[in-house]
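Sequential numbering from 224 applies to the sequence shown in our numbering.
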Amino acid sequence: MIKHLTAIGLLLLVGSGSAFSQNWMNYKLDDCSCSFKLPGNEIPEIESEEDGETVIWNYTSEYGSGVYLASYTLYNIATDYSDPIDLAKESLSGFVGAVDGKIVREKPWEYKKHEGIQATIQIASQNIACQYKVLFVDQIQYQLVVMAPVGEYDNDTAKKFFASFKVK
224 MIKHLTAIGL
234 LLLVGSGSAF
244 SQNWMNYKLD
254 DCSCSFKLPG
264 NEIPEIESEE
274 DGETVIWNYT
284 SEYGSGVYLA
294 SYTLYNIATD
304 YSDPIDLAKE
314 SLSGFVGAVD
324 GKIVREKPWE
334 YKKHEGIQAT
344 IQIASQNIAC
354 QYKVLFVDQI
364 QYQLVVMAPV
374 GEYDNDTAKK
384 FFASFKVK
């Protein structure tokens, strides 16, 4: 449920805009063994939720006309994590459904020895372009999302954001 609410919240943020800057906020999260950078000079919105089975953290930043999200979910439930691609496809499907989008392109995303999925999504009802990446490492799901109005997608900033993501 929180994933769907996050996706809807992202749509509300897209296009609200903020002042451009070249500042980047650095994050190193020991509990999920990852690090990333978010663009902008304002402190991003940070949300967390815990229900006993999962722990979810979302870091959202606005930059220009775009919204940038780095998220991780720690699953404390017994699940078969042997096929991360199936799990990633399920996650992508849930995200696309939550934003009422359409997958324009989907391809594998390989990070170190881990396999995930990356997709280009169009949200036609709001004229929004979206890049989505999802990766499972053991019991942790990592999601990276960039959304912006069509024609205003900042490819250079998105590339830097995606490249900043690291897992130990």
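Even glycine gets a Cβ: it sits at the ideal position worked out from N, Cα and C.
Review point. Are the beta-carbon atoms belonging to Ser256 and Lys391 less than 7 Å from one another?
Key: Along the sequence shown, one-based indexing puts residue 256 at 33. Along the sequence shown, one-based indexing puts residue 391 at 168. Going by beta carbons, Ser256 and Lys391 fall inside the 7 Å limit.
Review point. Touching or not, the region 343-355 and the region 311-324, by the rule of three or more beta carbon pairs under 8 Å?
Key: Because the criterion of three Cβ pairs below 8 Å is met, the region 343-355 and the region 311-324 touch.
Review point. Taking the alpha-carbon positions, what's the Lys336 to Ser284 distance?
Key: Here residue 336 refers to the residue found at position 113 when the sequence shown is read from its first residue. Here residue 284 refers to the residue found at position 61 when the sequence shown is read from its first residue. Rounded to whole angstroms, the gap between the alpha carbons of Lys336 and Ser284 is 28 Å.
Check your understanding: Would the beta-carbon of Tyr295 fall within 7 Å of that of Ile363?
Key -> To locate residue 295, count along the sequence shown from 1; it is residue 72. To locate residue 363, count along the sequence shown from 1; it is residue 140. Yes; because the gap between Cβ atoms is below 7 Å, this pair is in contact.
Point to revise | Cβ-based burial, Pro262 [other Cβ within 10 Å; buried from 16] | key: For the purposes of this step, residue 262 is taken as residue 39 along the sequence shown, with counting starting at 1. Buried: at least 16 other Cβ atoms inside 10 Å.
Exercise for review: Starting from the C-beta of Gly405, find all residues in its chain whose C-beta is less than 6 Å away, skip the five residues before and the five after it, and write them out in chain order.
Suggested key: Missing from the structure shown is residue 405; the chain here goes from 224 to 391 and no further.
**Study point:** Top-ranked residue by Cα proximity to Glu313, from Ile300, Gln349 and Gln341
**Key:** Counted from its first residue, the sequence shown places residue 313 at position 90. The shortest CA-to-CA distance from Glu313 to any of Ile300, Gln349 and Gln341 is the one to Gln341.
Check your understanding: Just the Cα atoms here: how many angstroms apart are Val327 and Thr343?
Key -> Start at 1 with the first residue of the sequence shown, and residue 327 comes out as number 104. Start at 1 with the first residue of the sequence shown, and residue 343 comes out as number 120. One C-alpha to the other measures close to 5 Å.
Check your understanding: Among Leu297, Trp280, Lys389 and Asp306, which residue has its Cα nearest to the Cα of Pro267?
Key -> On the sequence shown, position 44 is the one that residue 267 refers to. Closest by alpha carbon: Trp280.
Check your understanding: Smallest Cα separation from Phe388: which of Thr277, Gly275 and Tyr282?
Key -> Position 165 of the sequence shown holds residue 388. Across the set Thr277, Gly275 and Tyr282, the C-alpha of Tyr282 shows the shortest separation from the C-alpha of Phe388.
Exercise for review: Could you check the C-alpha separation between Ile346 and Asn378 for me, to the nearest Å?
Suggested key: Within the sequence shown, the letter at position 123 stands for residue 346. Within the sequence shown, the letter at position 155 stands for residue 378. Each residue's Cα considered, the two are about 17 Å apart.
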